[in-house]
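Here the structure comes first, spelled out in structure tokens, and everything after it is commentary.
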Amino acid sequence: MSPSAQIITTSSTLEPKYKASTLSLKSGAHVRAACRGGSYKNTTSGLAPTYLQANLIILPSCYADDFRLLCARNPVPCPLLAESEATGSFSSVKSWIAGLGGNGVISGVDIRQDAPKYMVYKDSRLVKFQCDDIVEEWTEDHVAFFIGCSYSFESALTDAGLPPRHTVMNRVSPMYRTNIPLCPAGVFSGSTYVVSMRPYKKSEIEAARSITRPFISTHGEPVGWGWEAVERLGIKDIDLPEWGDSPLTLDGRSLGDVIGDEENIPVFWGCGVTPQEAVMRSGLEGTIMAHAPGHMLVLDARDWDISPTEHPRSSQPYHEAVTDAAQFQSSSRQAHYTTDVSGSSQPYHDPLTHTYAAEFQSSSRQARTNMNPPADEAMEVRVFQTSCERCRKRKIKCDRTQPCSKCKKANVECVPIGSGEKQRPVSRGYVQALEGQIASLEKFITKLIAVDASKRDEMLANFSISSGHLQTQPAAPSQQGKETEATTEAIPFRSRSGHLRKLKDGKATEFYGATSFFQISPSEDQDGPAASNEVPPSEMSPTSNALLPTLSNSADYVEDPEFLAFSPQSDICRHLMATFFQSQYQYHMCLYREYFLRDMDAGSGPYYSDLLMYAICSMGALASQEVALRELSDVFFNRAQELLYGSALESPNLTTLQALILLGHREIGHGKTSKGWLFSGMAFRLAHEMGLHLDPNNWNGSADSRIEREILRRTYWAAFVADKQLSLYFGRPPALYPGESDVRDTIRIPYPPEWTSLLNTYIMDGTSETAYEDGFALVAAFVQQVELCKILHRMITEVFENRNASTDETVLAKSVQEIHVSLTKWLTDLPAKIHWNQWFVGPVPPLVLHLHMLYHTAMIILHRPPRQLFKDPKTKTSTDVEICYESLDSIIKLLRIYSRHYQYSPLPLTFVHILASTASIILMKRYLNDLPWDDALISRPLDHVLEAVDGISPTWPAAKQVRGVIKTAMEKSNKNDSRNDSRNDSPDSFDFMAGLADNVNFDVNLDMAFEDDANVGLFDPEEFLGEDLLWDGDFNQSNDWAAAPP
163 MSPSAQIITT SSTLEPKYKA STLSLKSGAH VRAACRGGSY KNTTSGLAPT YLQANLIILP
223 SCYADDFRLL CARNPVPCPL LAESEATGSF SSVKSWIAGL GGNGVISGVD IRQDAPKYMV
283 YKDSRLVKFQ CDDIVEEWTE DHVAFFIGCS YSFESALTDA GLPPRHTVMN RVSPMYRTNI
343 PLCPAGVFSG STYVVSMRPY KKSEIEAARS ITRPFISTHG EPVGWGWEAV ERLGIKDIDL
403 PEWGDSPLTL DGRSLGDVIG DEENIPVFWG CGVTPQEAVM RSGLEGTIMA HAPGHMLVLD
463 ARDWDISPTE HPRSSQPYHE AVTDAAQFQS SSRQAHYTTD VSGSSQPYHD PLTHTYAAEF
523 QSSSRQARTN MNPPADEAME VRVFQTSCER CRKRKIKCDR TQPCSKCKKA NVECVPIGSG
583 EKQRPVSRGY VQALEGQIAS LEKFITKLIA VDASKRDEML ANFSISSGHL QTQPAAPSQQ
643 GKETEATTEA IPFRSRSGHL RKLKDGKATE FYGATSFFQI SPSEDQDGPA ASNEVPPSEM
703 SPTSNALLPT LSNSADYVED PEFLAFSPQS DICRHLMATF FQSQYQYHMC LYREYFLRDM
763 DAGSGPYYSD LLMYAICSMG ALASQEVALR ELSDVFFNRA QELLYGSALE SPNLTTLQAL
823 ILLGHREIGH GKTSKGWLFS GMAFRLAHEM GLHLDPNNWN GSADSRIERE ILRRTYWAAF
883 VADKQLSLYF GRPPALYPGE SDVRDTIRIP YPPEWTSLLN TYIMDGTSET AYEDGFALVA
943 AFVQQVELCK ILHRMITEVF ENRNASTDET VLAKSVQEIH VSLTKWLTDL PAKIHWNQWF
1003 VGPVPPLVLH LHMLYHTAMI ILHRPPRQLF KDPKTKTSTD VEICYESLDS IIKLLRIYSR
1063 HYQYSPLPLT FVHILASTAS IILMKRYLND LPWDDALISR PLDHVLEAVD GISPTWPAAK
1123 QVRGVIKTAM EKSNKNDSRN DSRNDSPDSF DFMAGLADNV NFDVNLDMAF EDDANVGLFD
1183 PEEFLGEDLL WDGDFNQSND WAAAPP
């Protein structure tokens, strides 16, 4: 993630702005005293009317001159009001407001404590989020700068009868990055304007301009207005601001749904986030501090104190700075035109510099190059932060659009350099991942030199340097030895072993691979019987059979009172459906909630069916806190199953596919893995049958609307995510391959017109339209999960699939490193609203916490060493083990945060896999370090895992097996200790299956006949592919499965 993206997080983490206590905060001094005393820690919009508010930026003194120059050259977005009177001073300031001294700006101040909340960055990385003060971080080398804030003129707008809409609707004003570059100053370069937006009626815009024009020290009049200004400023989606809340109409609709409406015209002002963005993008070293988003420092200066002023002096005189700014703007861009609401254009006059602001891109923008662009797709010109290749070679100014005006005029191809973004500091983890990738490549080359020609050809056949990642080809089984030495740097290969289990009837087996839920154990001993988690049909819970009148055996079932009590229109169905959409939908976005409710309310439609309704109710019941409601999950599942087996499978249908995904997860989590795996596979096959793997825009003759096409995309990506999750859960090959698909990323879908009514009727009465908004954070998290699953697909197919058993260890190590790099880059590039690190404090959305748990689980699975290396002392100090420990610590931290704010019950099935993987590293750590169970390094994280297991078990009973195995392992360890057995002889057997086999009477309340199933044995592809069909001895003892030697 870019440093600049860390400035502001999603507004869901901000406190409510309006409380009763704010009525007494009528002056800047009152607000500061309340903040310093700890009685007020909320946002400051609307506080102390007529008192100026300031953005706060605190820098090491070595950057002070450059920052003053940045403000002087860019006075509209960076109006400097005051700064520390001297380096290190936090109690007095020097004013840059003409005619007003430092005490007139603010007196009796303690800059370290007088803002409600602060942010702290170290080396351009966020380390403290919304902390109450910065007393510990402040040093004698820091200088504080006060930047004007547009909150200051909001009271004037309100007094004139033009209250900003976000204040009326108790929201945070939306803020956007633009394509207008800042004039550079010293170390600050490559950044762009940030603007805040307030919508007004066409008839109100001139008044808003006139009112705000005198406030030149707090951004002044708007820099743009009108719907065309959205495009001219380079704003891609008005509904997706980089910071703040999505803008709404007064009746609660998204502003993007009323484009062109003269009652809702966007008006853009300069924003004080601009200098923060510039600071973060510059990659400065040292400790930097700022106010938290929306938590301004309220001054003693009043509205009427603002007037044109001389600006701060740096080492360069101010008039020279302004001249340089004008030259920079005029030489790099064409004249800037701001389109007013009538459609005419006029040059925008900068009231401070008396120069015409520059337009970053040509007024006649060209649609991006596309032979046949979709009719619904926005026509846009890409904007970069670096010059194109031709302009750079010719050493001429480039306007940094794509294509740029110079290349367009010359009628030549405009080729951007790299990604087009200014390089920013990368994370330490990403650098280490690249170093590891280079080391693995060096090892491969060294080995390549040493081998003979035939072996070299075989190694090269399995190595692809052009594709960017490993693409192994089938090769003859390797006859190399099985002994592989662990190094202190990295473990050279990954376990591809798995379990092959025979079910109790002796007629079938189940395979669980190396990535699966069952790989918990730090044990080499895998033999012996184990329990199946398959629930026999005859042992279904009595609830389901007692309450469900079967559709096939009752001709008059519609009149059955018991059936009507659980019909799709019943109150209980609506209640469970509301529970699903309130707490589980964000984890199961295979359907589009708004259009499902629209069609349900209408009585029919392509996005509703009774089958899907029952599947939703079955899932919603699982998240209920009441036992009676949870027991109804079986009732609704069986109703869905009857409809499924009745006629739903006779023809492909989108709601059938969506229901199969939900039902598959439900059955797997309840121990019926075969049925769940079957349902999921049917869903993935339906995706191919319906052509969902092909982007709808590529279908010739398709009459689908933009929204219909977007729903199809979202359904495909939801199936793709489910495929990877279940493949990882079971350690089995995936069904959906990225190379077979050209589906574009999903985006936010506009609400249907009747959404407010649907929300109040079916989800929660009396709530606002945005309470369950399908907005940027939710859709962005889903898109990022899709990107993560693309990496997981590579991990499954390149590292753990059995067909890669013959891959040379150096080639495999290189593949592991490439996937590790991809994972760390994925984490680094996360948008600000779904970013998390261990220094974050306060509540974080549960979806974000779960997403980061998935990432760290992937890191654990990728780097968890094979069991046969646990006795090697070098394994303990390997980089792979260290990475596992780091991810373990992060998951425990995430669990602690989650448990403080949320219930575990709504979490999806993947959380069970997260807990099992986490437990495997805790127990690996105990074994490798020879620690007792009561050691804090083991007992504390294990307690958090067990607490989570207890919390999720009512939803997913399969999680109870984790506690059972831990209990079995502890009991076995205690027995070994009492017999004085040496742990060096053999590791404790803590395998998921073997552990249960040692305690066959263990009850997980799943009616699972553990003692009747048999563990066929450990399946090791290296042995299977490299030797004749001779598996484990215990396996061959079974007459039904013995393989005769050749």
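If you want the numbering used here, it's the position in the sequence shown, counting the first as 1, plus 162.
Positions of the beta carbon are idealized from the N, C-alpha and C atoms, including for glycine.
Exposed unless 16 or more other CB atoms sit within 10 angstroms - verdict on residue i
i: T301; result: exposed
i: N332; result: exposed
i: L412; result: exposed
i: A1020; result: buried
i: R801; result: buried
i: T1256; result: Absent from the structure is residue 1256, since the part of the chain shown begins at 163 and ends at 1208.
i: D538; result: Confidence at D538 is low in this model, with a pLDDT of 36, below 50, so the placement of that residue should be treated as unreliable; the coordinate-derived value is given next. It is exposed - the Cβ of D538 has fewer than 16 other Cβ atoms within 10 Å.
i: H576; result: Sequence check: residue 576 is Cys here, not His. Classification of C576: buried, given that the 10 Å Cβ count is 16 or more.
i: K1038; result: buried
i: Y757; result: buried
i: Q947; result: buried
i: P409; result: buried
i: V593; result: exposed
Same chain, Cβ closer than 6 Å to residue i, neighbours up to 5 away in sequence not counted
i: G448; result: P222
i: P1005; result: H1063
i: M359; result: P336, P428 and F430
i: P1219; result: Absent from the structure is residue 1219, since the part of the chain shown begins at 163 and ends at 1208.
i: W917; result: E756
Span separating the alpha-carbon of residue i from that of residue j
i: E551; j: E425; result: 44 Å
i: S1067; j: Y747; result: 13 Å
i: D401; j: D907; result: 17 Å
i: M957; j: P1027; result: 15 Å
i: S253; j: L989; result: 40 Å
i: K279; j: S207; result: 14 Å
i: H737; j: I378; result: 54 Å
i: T741; j: E980; result: 41 Å
i: C311; j: L459; result: 10 Å
i: M926; j: L759; result: 13 Å
i: A322; j: A306; result: 33 Å
i: R339; j: L825; result: 42 Å
i: D1097; j: H1018; result: 24 Å
i: F798; j: G396; result: 49 Å
i: L950; j: V441; result: 30 Å
i: G250; j: E298; result: 13 Å
i: T548; j: C566; result: 11 Å
i: W258; j: S365; result: 35 Å
i: W839; j: I953; result: 22 Å
i: E788; j: S919; result: 28 Å
i: E793; j: M281; result: 46 Å
Supposed contact pair residue j and residue i - C-beta distance, whole angstroms, cut 8 Å
i: P384; j: R394; result: About 13 Å; that fails the 8 Å criterion.
i: I1217; j: L1016; result: A query on residue 1217 cannot be resolved here, the shown segment of the chain reaching from 163 to 1208 and no further.
i: P437; j: C569; result: At roughly 32 Å, the Cβ-Cβ gap does not stay under 8 Å, so P437 and C569 are not in contact.
i: A1120; j: G833; result: 5 Å
i: L816; j: A881; result: At roughly 11 Å, the Cβ-Cβ gap does not stay under 8 Å, so L816 and A881 are not in contact.
i: H1075; j: L890; result: 7 Å
Close-in-space but distant-in-sequence residues of the same chain around residue i (CB under 8 Å, 5 per side omitted)
i: D1105; result: none
i: L622; result: L610
Neighbourhood of residue i by C-beta distance below 7 Å, restricted to the same chain and skipping five residues each side
i: K188; result: A210
i: R198; result: D272, Q275 and D276
i: A226; result: V305
Residue-chain proximity (residue i, chain D), Cβ-Cβ < 9 Å
i: G422; result: Structure shown: chain D not included; a single protein chain is present.
Every unbroken beta strand (DSSP E) within the stretch 824 to 870, with a cutoff of 3 residues, ordered by chain: none
Ordered list of alpha helix (DSSP H) runs contained in the stretch 1063 to 1091, each at least 4 residues: 1072 to 1090
4-residue-minimum alpha helix (DSSP H) runs that sit fully inside the stretch 418 to 465, ordered along the chain: 435 to 443
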